[in-house]
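Numbering (the working numbering), first residue to last: 1 to 58.
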């Protein structure tokens, strides 16, 4: 709640966060609060090993 209020006072136009797909209570809460759950987006991460492999390959 405080993050959203702060964003509003600062003129922020979008706030994003992640939620695990099994956390249906949180997802339902976010939807009721007016948030759009973007089902077509995936979180992508690259750990230290992946970063090393990637930089060695280029």
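The C-beta atom is built at its ideal place from N, Cα and C for all residues, glycine as well.
Residue 20 sits in coil when the DSSP states are folded into three classes, being neither helix nor strand. For residue 58, the three-state secondary structure derived from DSSP is coil. Take the alpha-carbon of residue 30 and the one of residue 37: they are about 8 angstroms apart.
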